[in-house]
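A.B. asks: Quick one: the structure is below, questions incoming.
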Amino acid sequence: LWYWSGPTALQRCTPAGFIGLGNMGNPMVKNLSKLVFPLILYDEFPHACKEFQEAGEQVASPADVAEKADRIITMLPTSMNLVEVYSGANGILKIVKKGSLLIDYSTVDPSVSKQLAKEVEKMGAVFMDAPVSAGVGASRSGNLTFMVGGFEDEFAATQELLGCIGSNVIYCGAVGTGMIGTTEAMNLGIRSGLDPKLLAKILNMSSGRCWSHDPDNPVPGVIDGVPSSNNYQRGFGTTLMIYRMMCAKGYSTKDFSSVFQYLREEETF
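Here it is, written out as C-alpha cells:
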C-alpha cells in the first residue's frame with residue numbers, strides 16, 4: 058500500500074497523456090489538472106475534451122498522444138475500445154516512444170491487458186494495468202483504489218499518476234492480476250440462513266472487506282443509498298461486464314451490483 062505525497066517540480070513539467078474522458082475519466086483529468094500537469098487529451102467524442110482547453114492540448118488520435126507524451130493513461134469502457142486505442146490504425150503503438158510509461162485504468166479482460174503488455178514491451182515501453190474500485194464518486198473526490206499489475210520494479214514510476222487521483226495504490230503482481238466472488242459469497246450466506254446485513258458486517262470487519270461489500274454492497278437493503286437499494290439504478294453498467302447474458306434479461310441499464318439479483322433469479326438449486 059502506498060500513499061502519495063505530491064509531484065516534484067520536474068514531474069510537474071512533464072506532459073501526461075490521457076485517453077478516455079467519460080464518466081470516470083473526466084473527474085480523473087480534473088484532479089490531474091489541479092496539479093498543473095501539462096495534459097495531452099484525446100477522446101473518441103471531441104466535445105468531451107472542451108472543458109479542459111486551459112489545462113491541456115486536445116489532439117486528434119491516440120497516436121498523437123503518444124507523439125507528444127511519454128506518460129499515457131487510458132480509461133476506457135470496454136476491451137474492444139482499449140485494443141483499438143492501442144493497436145488501431147491511429148493507435149498508441151504506431152508511434153509510442155521507447156521508454157514510455159503506459160498505464161491502463163480500465164476494467165477489461167485480463168487477457169487483453171496481458172497481450173497489450175507484450176506488444177508494448179516489444180516497442181521498448183512499459184505497460185501497467187491499474188483497474189480502479191470505488192466508482193464515479195471516488196473518482197471525483199480523488200479517493201479511488203488502484204490495483205496495479207506489472208513489473209514490480211516499474212511500480213514506483215506509476216505512483217505519481219495514481220496517487221493524485223487515488224487514496225490507495227496497491228501492487229498486485231503481474232499484469233492482469235486484479236465482484237463476482239462477492240455476489241456468490243453473499244448468495245451462499247443468505248441461502249444458508251444468514252441475515253444479509255449481519256453477513257456484510259462480518260465481511261467488512263475482516264479481510265473480505267472491499268468496495269463491492271462496502272460501500273457498494275450488491276444486496277438490496279444492506280446499505281442505504283447505493284444502487285442495489287435503489288432498484289440497481291446504474292453507476293457502472295452491466296453492459297460493460299463479461300456477463301452479457303444479463304442484457305438479454307433486461308439488466309443492461311442497471312448497476313453492475315444487480316448481478317446479485319440476476320444470480321438469485323437464475324438459481325437452479
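Here the sequence shown is numbered in the working numbering, starting from 58 and rising by one per residue. For each residue, glycine too, the CB sits at the ideal point set by N, CA and C.
(1) What does the Cβ neighbour count give for glycine 238, buried or exposed, with the cut at 16 atoms within 10 Å?
(2) Tell me which residues share the same chain as glutamate 114 and place their Cβ nearer than 6 Å to its Cβ, disregarding the 5 neighbours each side in the sequence.
(3) So what does DSSP say about methionine 185, is it helix, strand or coil?
(4) If you reduce the DSSP assignment to three classes, tell me which class serine 190 lands in.
(5) With DSSP as the reference, label asparagine 80 as helix, strand or coil.
(6) Who are the Cβ neighbours of proline 95 in its own chain at under 6 Å, not counting the five residues just before and after it?
(7) Is it a yes or a no for the stretch 115-132 touching the stretch 140-158, going by three-plus beta-carbon pairs under 8 Å?
(8) When the distance is taken between beta carbons, is alanine 182 closer than 8 Å to glycine 206?
(9) From the DSSP secondary-structure annotation, give me the bridge partner or partners of phenylalanine 203.
(10) Quick one: what does DSSP say glycine 220 is sitting in, helix, strand or coil?
(11) State yes or no: is the C-beta of aspartate 161 within less than 8 Å of the C-beta of alanine 187?
(12) Around the C-beta of serine 249, are 16 or more other C-beta atoms found within 10 angstroms, so that it is buried, or is it exposed?
(13) In whole angstroms, what separates the C-alpha of lysine 311 from that of tyrosine 319?
C.D. replies: In this structure, then:
(1) Locating residue 238 in the sequence shown gives position 181, counting from the first residue. In this prediction, glycine 238 has a pLDDT of 46, which is less than 50 and means its spatial position is unreliable; nothing more can be read from the coordinates.
(2) Within the sequence shown, residue 114 is the residue found at index 57, counting from 1. If the five residues before and after glutamate 114 are omitted, its C-beta is found closer than 6 Å to the C-beta atoms of Ile97, all from its own chain and listed in chain order.
(3) Residue 185 sits at position 128 when you count from the first residue of the sequence shown. It is a strand residue.
(4) The residue labelled residue 190 in the question sits at position 133 within the sequence shown. Here DSSP, grouped into helix, strand and coil, assigns serine 190 to strand.
(5) Working through the sequence shown from its first residue, we reach residue 80 at position 23. Secondary structure of asparagine 80 (DSSP, three-state): coil.
(6) For the purposes of this step, residue 95 is identified with residue 38 of the sequence shown, where counting begins at 1. So the qualifying residues of the chain are Pro72.
(7) With contact defined as three or more Cβ pairs closer than 8 Å, the stretch 115-132 and the stretch 140-158 are in contact.
(8) Here residue 206 refers to the residue found at position 149 when the sequence shown is read from its first residue. Here residue 182 refers to the residue found at position 125 when the sequence shown is read from its first residue. No, the pair does not count as a contact, with Cβ atoms beyond the cut-off.
(9) On the sequence shown, residue 203 is found 146 positions in, with the first residue counted as 1. Per the DSSP secondary-structure output, phenylalanine 203 pairs in a beta bridge with Val189 and Val226.
(10) Looking up residue 220 in the sequence shown gives position 163. Looking at glycine 220 - three-state DSSP - the assignment turns out to be helix.
(11) Reading the sequence shown from its first residue, position 104 is the one you call residue 161. Reading the sequence shown from its first residue, position 130 is the one you call residue 187. Taking C-beta atoms as the reference points, aspartate 161 and alanine 187 count as a pair closer than 8 Å.
(12) In the sequence shown, counting from the first residue as 1, residue 249 sits at position 192. The residue is exposed, with fewer than 16 neighbouring Cβ atoms inside 10 Å.
(13) For the purposes of this step, residue 311 is taken as the residue at position 254 of the sequence shown. For the purposes of this step, residue 319 is taken as the residue at position 262 of the sequence shown. Approximately 11 Å, taken between the alpha carbons.
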